[in-house]
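First the structure, in the form of structure tokens, and then the observations on it.
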Amino acid sequence: MVVGPFEKFWLEYDKWYDEHPNIYRSELWAVELASRGVPRPWVEIGVGSGRFAAPLGVDVGLDPSERLLELASRRGVRVVRGLAESTPFPDGSFGGVFVIITICFLDEPLKALREARRILKPEGRLVVGFIPSDSPWGTFYSRLKERGHKFYSHARFYSLSELTGMLELSGFETELLVSTLRSPPGSPEVLETPVLGLAPGASFLVIRARVAR
1 MVVGPFEKFW
11 LEYDKWYDEH
21 PNIYRSELWA
31 VELASRGVPR
41 PWVEIGVGSG
51 RFAAPLGVDV
61 GLDPSERLLE
71 LASRRGVRVV
81 RGLAESTPFP
91 DGSFGGVFVI
101 ITICFLDEPL
111 KALREARRIL
121 KPEGRLVVGF
131 IPSDSPWGTF
141 YSRLKERGHK
151 FYSHARFYSL
161 SELTGMLELS
171 GFETELLVST
181 LRSPPGSPEV
191 LETPVLGLAP
201 GASFLVIRAR
211 VAR
């Protein structure tokens, strides 16, 4: 799980949400829609500065970055330092496991998803928010990666089919898909209503998955 850039540029990372409020609020709305009915308690893996966990009322946030955990704690999130690939939680601890954006910064995403399954209650749900590699914003961020961007140079983006494939290998099946961020880079940033299913041109997708039967 990538740590270094977020420890060094933690303030710049957190300020992005203030500088792009409509993108942030659009993504948050999509995650909120996908989270409806997910049983408690909730944990966010890769909680960062708590920008999603705090307004969603997530119970516990896990992250390896001390700097970002300080911010999340100030926002009212109960925080634990640790890695997505090896969490400190007992089996079946949570009704909801959230992985928002974090998937692209994981060294071993399959291992992290299997770990999420381990700590999930049998009736629980996994909620994964991500930027598809073949979307307009995914293409934009991939170009930044090629140029050595401080954050995205460490990222690996996945297509929807790649991510659903990893979920299946980890013992999950997709239950719900939510789409947003249909406005491409360079266009006016507006608050978007999330759409159930796969919307053409959507650059932020949220998958709600359950343990495969």
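Each step along the sequence shown adds one to the number in the working numbering, with nothing skipped, and position 150 is 150. Yeah, the Cβ is synthetic: ideal placement off N, Cα and C, and Gly gets one too. Predicted model, so just to flag it, every value in this text is computed and none were measured.
Same chain, Cβ closer than 6 Å to residue i, five either side skipped, listed in chain order
| i | result |
| --- | --- |
| Ser133 | Phe157, Tyr158, Ser159 |
| Arg74 | none |
Contact set for residue i: own chain, Cβ-Cβ below 7 Å, skip 5 residues either direction
| i | result |
| --- | --- |
| Val211 | Arg117, Leu120, Pro122, Gly171, Phe172 |
| Ala34 | Val127, Leu176, Val178, Val206, Arg208 |
| Ser86 | Glu115 |
Classification of residue i by the beta-carbon crowding that lies within 10 angstroms, buried from 16 upward
| i | result |
| --- | --- |
| Leu177 | buried |
| Glu115 | buried |
| Pro200 | exposed |
Euclidean distance between Cα positions of residue i and residue j
| i | j | result |
| --- | --- | --- |
| Ser93 | His20 | 34 Å |
| Val97 | Arg125 | 7 Å |
| Leu181 | Ala202 | 5 Å |
| Leu163 | Gly48 | 21 Å |
| Ile45 | Ile100 | 8 Å |
| Thr139 | Ala112 | 24 Å |
| Pro136 | Ala53 | 26 Å |
8 Å CB neighbourhood of residue i in its chain, flanking five on each side removed
| i | result |
| --- | --- |
| Arg213 | Glu173 |
| Pro222 | Because the chain here runs from 1 to 213, residue 222 falls outside it and cannot be looked at. |
Margin query: Under 8 Å: do the segment 188 to 197 and the segment 25 to 42 share three or more Cβ pairs, one atom per stretch?
Written below: yes
Margin query: Please give the ranges of any alpha helix (DSSP H) in the segment 106 to 161, keeping only runs that are unbroken, at least 4 residues long and fully inside the region.
Written below: 109 to 119, 136 to 146
Checklist line | Contact the segment 79 to 94 vs the segment 52 to 71: 3+ CB pairs below 8 Å | finding: yes
Checklist line | Cβ contact check for the segment 161 to 171 and the segment 181 to 188: 3 or more pairs under 8 Å | finding: no
Next item on the list: Please list the segments of the beta strand (DSSP E) lying wholly inside the segment 63 to 91, counting only runs of 3 or more residues, in order along the chain.
Entry: 78 to 81
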